[in-house]
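Trainee: In the numbering used here, the protein residues as written are 1 to 292.
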């Protein structure tokens, strides 16, 4: 491995705004080498040059990160994802199947769908992860190292299953599932809940404090005190429909402010923000009951 050349390849692939920050780091070459060696040791059957790996890291991992984050990057997962995304090494696809095939079948098996749909979900998820289609790269090319590759694979598998379910039984789309069932079936929410647990609680508390007093009181009446829409309408002297609209606005304001705080504090991109917003909405009632 040529460490200086690997570091140059990494820097050349970075966005200009980040290049100077990483270029000034004296340990960049060593950090990149350590990640590449960890991946090579974990997947000895895969052929992936350090330069190709470094370029991949610059494209998918480095945005919003600093050199100090390299030491905690999931090098083994990123190495496998990179090798699979290139599509040049059959050994990479075989290694992926060996490592994740059983997990994909297990998560598909938990979906409340017919057996044939479970098998098809696994097939579709595998194809989406490993095969470029319609000018789009395989989904593994989008794995950014935020969390484990296993969680990423589970997300793709669940989405494949739910998409098939929506096509066959439109009335049973994911939007029809209640929060508890969706959390059970959607590893993305479960994963985000664990990953951001502490920061979520802090952001939620701050968002509640920033609510308009009327919004905060409305939420407390419903979530903490268990009052119905009719009771709220009577308290405020408004029509039932008006009370319902006000409550909906208060809930959405709380969810969006919590998500916005998490975006600021965690440096999330727009796609990650949408996932976090789903998490906030799914946990709003329980979390608000504890804090209001």
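No residue lacks a Cβ here, since even glycine has one placed at the ideal position from N, Cα and C.
1) In its own chain, which residues sit with a C-beta less than 6 Å from the C-beta of residue 60, not counting the 5 before and 5 after it?
2) Would you list the residues sitting across from residue 133 in a DSSP beta bridge?
3) Is the Cβ-Cβ distance between residue 55 and residue 9 less than 7 Å?
4) How many Å lie between residue 15 and residue 134 at the Cα?
5) Please specify which runs of the alpha helix (DSSP H), each continuous and at least 4 residues long, are wholly inside the region 28-92, giving them in chain order.
6) Among the candidates 281, 103, 104 and 81, whose CA atom is the shortest distance from the CA of residue 93?
7) Under the assumption that residue 160 contacts residue 121 (Cβ atoms under 8 Å), give the Cβ distance between them as a whole number of angstroms.
8) Should the region 40-50 be called in touch with the region 69-83, which here means at least 3 C-beta pairs below 8 Å?
9) Secondary structure at residue 20, three-state DSSP: helix, strand or coil?
10) Taking 7 Å as the threshold (C-beta atoms), are residue 47 and residue 89 in contact?
11) Compute the Euclidean distance between the alpha carbons of residue 178 and residue 75, then round it to the nearest angstrom.
12) Compare the C-alpha of residue 118 against each of 164, 150 and 91 and name the closest.
13) Roughly how many angstroms separate the alpha carbons of residue 175 and residue 73, rounded to a whole number?
14) I'd like the span of the alpha helix (DSSP H) that includes residue 222, first residue to last.
15) Could you check the C-alpha separation between residue 221 and residue 245 for me, to the nearest Å?
16) State yes or no: is the C-beta of residue 104 within less than 7 Å of the C-beta of residue 85?
17) For residue 156, report the span of its alpha helix (DSSP H) as first-last.
18) Select from 30, 256, 158 and 259 the residue whose C-alpha is nearest the C-alpha of residue 129.
19) Pick out whichever of 19, 28 and 12 has its Cα sitting closest to the Cα of residue 3.
20) Looking at residue 266: is its Cβ nearer than 7 Å to the Cβ of residue 247?
21) So which of 71, 142 and 156 has the shortest CA-CA distance to residue 101?
22) Helix, strand or coil for residue 145, going by three-state DSSP, please let me know.
23) Which residues mark the beginning and the end of the alpha helix (DSSP H) in which residue 230 is found?
24) Out of 253, 162 and 137, which one is the CA nearest neighbour of residue 111?
25) Below 6 Å CB to CB, which residues in the same chain sit around residue 96 once its five sequence neighbours on both sides are set aside?
Mentor: Concretely, from the data shown:
1) 144
2) 136
3) yes
4) 26 Å
5) 28-42, 50-60 and 75-86
6) 81
7) 4 Å
8) yes
9) helix
10) yes
11) Confidence is the limiting factor: at residue 178 the pLDDT is only 41, short of 50, which leaves the residue's position unreliable, though a coordinate-based value still follows. Each residue's alpha carbon lies about 36 Å from the other.
12) 164
13) Annotation note: pLDDT 45 at residue 175 (below 50); position unreliable, no value reported.
14) Neither: residue 222 is in no alpha helix (DSSP H) and is coded neither H nor E.
15) 15 Å
16) no
17) 149-168
18) 158
19) 28
20) no
21) 156
22) coil
23) 229-236
24) 162
25) 84
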